[in-house]
Amino acid sequence: MSTYDLYAKDPGAPLWQVPATGAARFSWEYDEGRERLLALYQKGKDKQWDGRKRIAWDLEVDPYDPLGTPDEAMSIYGTPHWAKMNDRDKGELRKHFASWQFSQFLHGEQGAMVCAARIVESVPDLDAKLYSATQTMDEARHAEIYGRFLHEKIGMLYPVNDNLQSLLGDTLRDSRWDMPYLGMQVLIEGLALAAFGMIRDTTDKPLPKQILAYVMQDEARHVAFGRMALRDYYKQLSDAELREREEFVIEGCYLMRDRLRGVEVLENFGIPKAEAEEYSERSEYLALFRRLLFSRIVPCVKDIGLWGERLQQAYVDMGVFEMGDSNLDLLMAQDEELAEKLDADRFAAEEQERVAEVEQAIRAGEVAGEEAGDEAQAEAQAEAQAEA
2 MSTYDLYAKD
12 PGAPLWQVPA
22 TGAARFSWEY
32 DEGRERLLAL
42 YQKGKDKQWD
52 GRKRIAWDLE
62 VDPYDPLGTP
72 DEAMSIYGTP
82 HWAKMNDRDK
92 GELRKHFASW
102 QFSQFLHGEQ
112 GAMVCAARIV
122 ESVPDLDAKL
132 YSATQTMDEA
142 RHAEIYGRFL
152 HEKIGMLYPV
162 NDNLQSLLGD
172 TLRDSRWDMP
182 YLGMQVLIEG
192 LALAAFGMIR
202 DTTDKPLPKQ
212 ILAYVMQDEA
222 RHVAFGRMAL
232 RDYYKQLSDA
242 ELREREEFVI
252 EGCYLMRDRL
262 RGVEVLENFG
272 IPKAEAEEYS
282 ERSEYLALFR
292 RLLFSRIVPC
302 VKDIGLWGER
312 LQQAYVDMGV
322 FEMGDSNLDL
332 LMAQDEELAE
342 KLDADRFAAE
352 EQERVAEVEQ
362 AIRAGEVAGE
372 EAGDEAQAEA
382 QAEAQAEA
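Under this note's numbering, the final residue of the sequence shown carries the number 389; numbering is consecutive throughout.
Following this line, the structure appears as structure tokens:
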């Protein structure tokens, strides 16, 4: 079945073309590089994995409650629209919201793949090119996994959100080689990590928990890469050049904050756009969700050296300024550990199942042997009696 048959809304033309600008850069220095970045490149190679094998795709998913989302998380909960809904309608709403959310993850991962490939092309340093090549593969795997989850487990997709598409376009059109880093590694990846983490830590559904935990293990490396490369580069820029990048961050953060309303879903249920936006703005759950989404972005922006007065004021206005003091290294380490623990728990359970199967087979063999012995003894006795 074509993906176009599964879209909840018309996504428009099948291809979105963003005119490329900037130079492709080659480096003839093959024997030098930053030790930390080369170590990250090695880790990127060591940590490659196959989404077909590592994820337990045979786990069942209820498309009408794929994430175990509580009623209170629905932006129209407690409204007259919610009161009119029966259980079937509410299940359909959950399906649409999960589809919308994971569709944005999918589109963002394709954007990350394109941006990583652009970094390979445009970044001047070979160590950064090497790492970006591993990230390109990571993002391809993520797009594959989210696409499969949406096609096989939910059976519905949503088009890319306008604000996400706008930020992707701005990131890719800019001719400066550091902008794909800033737009993708810091803003889009940072926000995605926070969104993935919230769902990973709250869902009681094993398949989406696996997917998000394993994707986050990769994304932790990607954010670390952006921090290393940009921190080194931004130390060399003038105040005017830093202000330009801070303006890009401010605009991007507002776009990302406004992206997370899910208004498209409510419109599909017949709720006018203005009313849907009002419900989204009044939702306490969504307000908390949107605020926590900046837990990875704000400390990263501060760490790479973009912390001018205007940027700080923007974060004050968004109510996320204090997140600048968050321990980003600790968050990344936790992402790694959770994925490893999930693997360990799964493998331990599988090992117990294998042991139980072997023990059962041994017992079955012993019983069969005893039965065969009894039969042989009976036959011997019968033969002896016949000879007598």
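For glycine and all other residues, C-beta sits at the position ideal for the given N, C-alpha and C.
Residue nearest to residue i in terms of C-alpha spacing, selected from the options
i, options, result
"G198", "K206, Q186, L183, A214", "A214"
"D336", "I305, D72, R201", "R201"
"A113", "E220, Y42, A25, C301", "E220"
"L194", "S296, A345, A99, C116", "S296"
"K303", "L131, Y31, L188, T172", "L188"
"G227", "D344, L267, V124, Y5", "V124"
"E265", "K46, V317, F98", "F98"
"S167", "L332, V19, M324", "V19"
"L41", "H152, E242, S133", "S133"
"A345", "K10, S28, R55", "R55"
"E190", "W178, R177, S176, G253", "G253"
"R347", "L208, V224, H143, K46", "L208"
"M333", "D259, A383, H223, L238", "H223"
"I305", "L267, K236, W29, N162", "K236"
"T135", "K46, S327, D233", "K46"
"L289", "Q43, L165, A196", "A196"
"S104", "G79, A117, K10", "K10"
"V62", "E384, Q386, V317, G156", "G156"
"E30", "E384, K130, A118", "K130"
Delimiting residues of the alpha helix (DSSP H) encompassing residue i
i, result
"Y78", "Where Y78 is concerned, there is no enclosing alpha helix (DSSP H), given that its DSSP letter is neither H nor E."
"I212", "207 to 235"
"E36", "36 to 47"
"A196", "190 to 203"
"K10", "Element bounds for K10: n/a, residue is neither H nor E."
"T172", "163 to 174"
"G184", "From DSSP, G184 is part of no alpha helix (DSSP H); its letter is neither H nor E."
"R55", "52 to 55"
Sequence-distant residues of the same chain with beta carbon closer than 6 Å to residue i, five excluded per side
i, result
"G148", "L107"
"A315", "I251"
"E247", "L307, G309, L312"
"G34", "D128"
"V60", "Contrary to the premise, residue 60 reads as Leu rather than Val in this sequence. Hits under 6 Å: P207, L208."
Contact set for residue i: own chain, Cβ-Cβ below 7 Å, skip 5 residues either direction
i, result
"H82", "I272"
"A141", "M114"
"K210", "R201, T204"
"R174", "V19, P20, T22"
"R258", "R291, M319"
"Y286", "E73, A74"
Beta-carbon separation (whole angstroms), residue i vs residue j, contact threshold 8 Å
i, j, result
"R95", "D66", "5 Å"
"L339", "P300", "Actually they are not in contact, since the Cβ atoms of L339 and P300 sit about 19 Å apart, beyond 8 Å."
"F150", "I212", "6 Å"
"P181", "T172", "6 Å"
"I298", "L192", "6 Å"
"Y280", "L158", "With 8 Å as the limit, Y280 and L158 do not qualify as a contact, their Cβ atoms being about 23 Å apart."
"G52", "I120", "Contact flag wrong, Cβ pair sits at about 22 Å."
"A277", "E268", "6 Å"
"M138", "Q49", "7 Å"
"L294", "F249", "The Cβ separation is near 18 Å, so there is no contact."
"A230", "E122", "No, A230 and E122 are not in contact; Cβ-Cβ is about 15 Å, not under 8 Å."
Residues near residue i by beta carbon distance below 8 Å, same chain, minus five either side
i, result
"G320", "R292"
"A357", "none"
"N164", "L256, M257, D259, R260"
"Q111", "E140, A144"
Heavy atom of the ligand MG within 7 Å of residue i beta-carbon
i, result
"R283", "The ligand content of the structure shown is nil, which means the ligand MG is not present either."
Inset, instruction - Identify every run of the beta strand (DSSP E) within the region 270 to 342, keeping only runs that are complete inside it and at least 3 residues long; order them along the chain. - result: Runs found: none.
Inset, instruction - Quick one: which unbroken alpha helix (DSSP H) runs of 4-plus residues sit fully inside the region 118 to 161? Chain order, please. - result: Those alpha helix (DSSP H) runs which fall completely within the region 118 to 161 and span 4+ residues are 127 to 149.
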